[in-house]
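Asks:
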Amino acid sequence: MKSEAPLITYQDLVGPTDRIETHCGPITICGSCQPAFLRNSKLDAGLGHFSHYSSIIQKLEAFETYASQKDGKVTLAIADPNVVVGYCVGSYPDPTDRWAALGDLMYELAAVEVSRNYRGCKLGEKLLAMTMNDDFFEDKIAYMCGYSWHWDLEGKELSAAQYRSMMKQLYSKFGFREVYTNEPNITLRAENIMMIRVGSRVLAEDQMKFRHLRFGMKPK
Amino acid sequence: MFKDYPKAIVTKDGESVLLRPVKPEDEKALNEFFSEIPDDEQWFLREKLDDPEVLHDCLQKLNYRRTLPIVAVREKDGKIIANLRLHLSMARCIEHVAHLRVMVHPDFRSLKIGSWMILDCVKTAMDMGLEKLFAEFIAGVEDAAIGAALKLDFRHEGVLKDYIKDKHGGYRDLIIMSRDLQSKWSDF
Chain A
1 MKSEAPLITY QDLVGPTDRI ETHCGPITIC GSCQPAFLRN SKLDAGLGHF SHYSSIIQKL
61 EAFETYASQK DGKVTLAIAD PNVVVGYCVG SYPDPTDRWA ALGDLMYELA AVEVSRNYRG
121 CKLGEKLLAM TMNDDFFEDK IAYMCGYSWH WDLEGKELSA AQYRSMMKQL YSKFGFREVY
181 TNEPNITLRA ENIMMIRVGS RVLAEDQMKF RHLRFGMKPK
Chain B
1001 MFKDYPKAIV TKDGESVLLR PVKPEDEKAL NEFFSEIPDD EQWFLREKLD DPEVLHDCLQ
1061 KLNYRRTLPI VAVREKDGKI IANLRLHLSM ARCIEHVAHL RVMVHPDFRS LKIGSWMILD
1121 CVKTAMDMGL EKLFAEFIAG VEDAAIGAAL KLDFRHEGVL KDYIKDKHGG YRDLIIMSRD
1181 LQSKWSDF
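Note that the protein sequences, when read in sequence, are chains A and B.
Letter 121 of the first sequence, counting from 1, is numbered 121 in this note's numbering, and no numbers are missing.
Letter 46 of the second sequence, counting from 1, is numbered 1046 in this note's numbering, and no numbers are missing.
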């Protein structure tokens, strides 16, 4: 007798979900989105290219790239019907990055962004909450690098320093703290920021290796 | 505001250094720090913190809303190797600006500790919502600090000719530098 193929449910495609009511309408936060789900979605017009600002991700294919990587994370904020209005993506550092020297210990929250049309609904916080709600991070040093040239200062009507403070407040809710590094892109502007969250199972020795790596000293 | 402290840096010789706000318990280490500053440089201290009584008094009245003192501490033995003070004003007309002063122990210069402390101060001032930071340096005495400030986007604001008199009666210029803290998108 031929066995039937296992049924793939909506939940399999989007991972855990959280439905929230906002002043922009109902939004579903989907953790661990799979490539198959992304093929039926589209990006909101508030994510894209503007005169003084461009979204980090402007094509759905970029989410597929993240989702298909080892331990790649894609958390999406979805408005009906299947319109991506915000996202949080994470992955291991690119092999050319300084942080790749510590292998799978390091995990980058590469971007959190909310469409210009859906700001003020605390979607950034919801996206981060869904992403970080994973025991996976207890073995990792999760990090984010905020570069002021990526920030939508015009859209938010903030100075770079105010935007930086907003980022600090947002990430600190999830146990992140600012650390210093001589990594050239971070040091290019004082507004730039690197924040980390050290997982509870990360060894002190590894934390020290990371501290030295921040200042260009590779682990022996 | 202080929850990210202590902030670690590693100097080029591999030494781990922690930046953190001063506590009253730092009195002994701070006395040691100021006593190891050469006499010629102690002369230029505005607040006479090399005087143990003045320092004691100052530590008993710590008020981070008026003055935010940050020290760089060598992690392995707790030795204070640099001291920065960010002076804030309670007057509403100048509450958007602050003044910084920094001093690095002579044995730990050329390790960019002063630069890290000024950068930390700039970031902290941004997070406090300040708009402009000022620093005053003595020409011919604090040239390394002037260089560090320039690299951190401070610019020359003015010079007070012969404002400072050194221990031997010679005159020195006071260099005033400033840094804007609230750049808008159009400034980039």
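Note that the Cβ used here is the ideal one computed from N, Cα and C, for glycine as well.
Please list, in chain order, all residues of the same chain as A/G25 whose beta carbon is under 8 Å from its beta carbon, the five residues on each side excluded.
Replies: Around A/G25: A79 and D80.
Asks: Would you say A/S54 reaches chain E, if we count a Cβ-Cβ gap shorter than 8 Å as a contact?
Replies: Included in the structure are the protein chains A and B, with no chain E among them.
Asks: Taking B/D1166 as the query, report the chain A residues whose CB atoms sit under 8 Å from its CB, ordered along the chain.
Replies: What B/D1166 touches in chain A: nothing, since even the nearest Cβ is about 32 Å away.
Asks: Any idea what DSSP makes of A/M195, helix, strand or coil?
Replies: It is a strand residue.
Asks: Between which two residues does the beta strand (DSSP E) holding B/R1179 run?
Replies: Its beta strand (DSSP E) spans residues Y1171 to D1180.
Asks: Just checking my contact of A/S115 with A/V85 at CB under 8 Å: how many whole Å lie between their CB atoms?
Replies: Correct: roughly 4 Å between the Cβ atoms.
Asks: Taking the alpha carbon of A/L109 as the reference point, which residue from A/F50, A/G90 and A/M167 has its own alpha carbon closest?
Replies: The residue with the shortest Cα to Cα distance from A/L109 is A/G90.
Asks: Please give the ranges of any alpha helix (DSSP H) in the stretch 1138-1167 of chain B, keeping only runs that are unbroken, at least 4 residues long and fully inside the region.
Replies: Segments of the alpha helix (DSSP H) lying fully in the stretch 1138-1167 of chain B: 1143-1151.
Asks: If you check the beta carbons only, do B/M1117 and B/A1072 fall under 8 Å apart?
Replies: A contact, by the Cβ cut-off of 8 Å.
Asks: Taking contact to mean 3 or more Cβ pairs, one atom from each stretch, closer than 8 Å, check whether the stretch 54-68 of chain A and the stretch 121-138 of chain A are in contact.
Replies: The stretch 54-68 of chain A, when compared against the stretch 121-138 of chain A, does not touch it at the 8 Å Cβ threshold.
Asks: Helix or strand or just coil, what does DSSP make of A/R98?
Replies: Note: A/R98 maps to helix in three-state DSSP.
Asks: Considering just the uninterrupted stretch of the alpha helix (DSSP H) at B/H1099, what are its terminal residues?
Replies: No alpha helix (DSSP H) contains B/H1099, which is instead part of the beta strand (DSSP E) from V1097 to V1104.
Asks: Among A/A160, A/A142 and A/K173, which has the Cα closest to the Cα of B/K1225?
Replies: Outside the shown range of chain B (1001 to 1188) lies residue 1225 of chain B, about which nothing can therefore be said.
Asks: Only counting the same chain, and skipping five residues up and downstream in sequence, which positions put a Cβ closer than 6 Å to that of B/I1009?
Replies: Taken in chain order, the residues that qualify are V1017 and W1116.
Asks: Please report whether the beta-carbon of A/P159 lies at a distance below 8 Å from any beta-carbon of chain B.
Replies: Sequence check: residue 159 of chain A is Ser here, not Pro. Yes, A/S159 counts as interfacial toward chain B.
Asks: Using a Cβ-Cβ distance cut-off of 8 Å, determine whether A/E113 contacts chain B.
Replies: It does not; no Cβ of chain B falls within 8 Å.
Asks: Leaving out five residues before and five after B/L1049 in sequence, what residues of the same chain have Cβ atoms less than 6 Å from its Cβ?
Replies: Only F1034 and L1055 meet the Cβ criterion.
Asks: So the beta strand (DSSP E) A/K73 belongs to, where does it begin and stop?
Replies: Per DSSP, A/K73 belongs to the beta strand (DSSP E) from K73 to A79.
Asks: Using a Cβ cut-off of 8 Å, which residues of the stretch 161-176 of chain A contact any Cβ in chain B, in chain order?
Replies: Listed in sequence order: A161, Q162, R164, S165, K168 and S172.
Asks: Measuring alpha carbon to alpha carbon, tell me which residue in B/M1126, B/A1091 and B/C1058 is nearest A/A161.
Replies: The candidate whose alpha carbon is nearest that of A/A161 is B/M1126.
Asks: Which of the three DSSP states is assigned to A/R164 in this structure?
Replies: Helix, per DSSP.
Asks: Using the beta-carbon count (16 or more within 10 Å), is A/Y143 buried or exposed?
Replies: Result: buried.
Asks: Measure the C-alpha to C-alpha separation of A/G146 and A/A190 and round it to an integer number of angstroms.
Replies: Using only the alpha carbons, I get a separation of about 11 Å.
Asks: When DSSP builds the beta bridges, which residues end up paired with A/K140?
Replies: A/K140 pairs with nothing; no bridge assigned.
Asks: Around the Cβ of B/I1094, are there at least 16 other Cβ atoms within 10 angstroms (buried) or fewer (exposed)?
Replies: Classification of B/I1094: exposed, given that the 10 Å Cβ count is below 16.
Asks: Would the stretch 198-211 of chain A count as touching the stretch 154-170 of chain A if we require 3 or more Cβ pairs under 8 Å?
Replies: Flag = no, the stretch 198-211 of chain A and the stretch 154-170 of chain A do not touch.
Asks: In three-state DSSP terms, what is A/A185?
Replies: Note on identity: in this sequence residue 185 of chain A is Asn, with Ala being the wrong assignment. Helix, per DSSP.
Asks: Span of the alpha helix (DSSP H) holding A/R211?
Replies: It spans A204 to R214 - the alpha helix (DSSP H) in which A/R211 sits, taken as one unbroken run.
Asks: Just the C-alpha distance for A/E154 and A/Y163, rounded to the nearest angstrom, thanks.
Replies: The straight-line gap from Cα to Cα measures roughly 11 Å.
Asks: Run through chain B and tell me which residues come within less than 8 Å of A/H49, C-beta to C-beta.
Replies: Here the premise fails: no neighbours, minimum Cβ distance about 15 Å.
Asks: Measure from the C-beta of B/Q1182 to each C-beta in chain A and report whether the shortest distance is under 8 Å.
Replies: Chain A contact via Cβ: present.
Asks: Ignore the nearest five residues each way along the sequence and tell me which others in B/D1013's own chain have a CB closer than 8 Å to its CB.
Replies: L1111.
Asks: Taking 8 Å as the cut-off, decide whether the C-beta atoms of A/R214 and A/T181 are in contact.
Replies: Yes.
Asks: Excluding five sequence neighbours on each side, which residues of the same chain lie with their C-beta closer than 7 Å to the C-beta of A/G216?
Replies: Answer for A/G216: N182, listed in chain order.
Asks: For A/Y221, name the three-state secondary structure that DSSP assigns.
Replies: Residue 221 of chain A is absent from the structure shown; chain A starts at 1 and stops at 220.
Asks: For B/R1066, which beta-bridge partners are listed by DSSP?
Replies: The partner list for B/R1066 (beta bridge, DSSP) is empty, contrary to what the question assumes.
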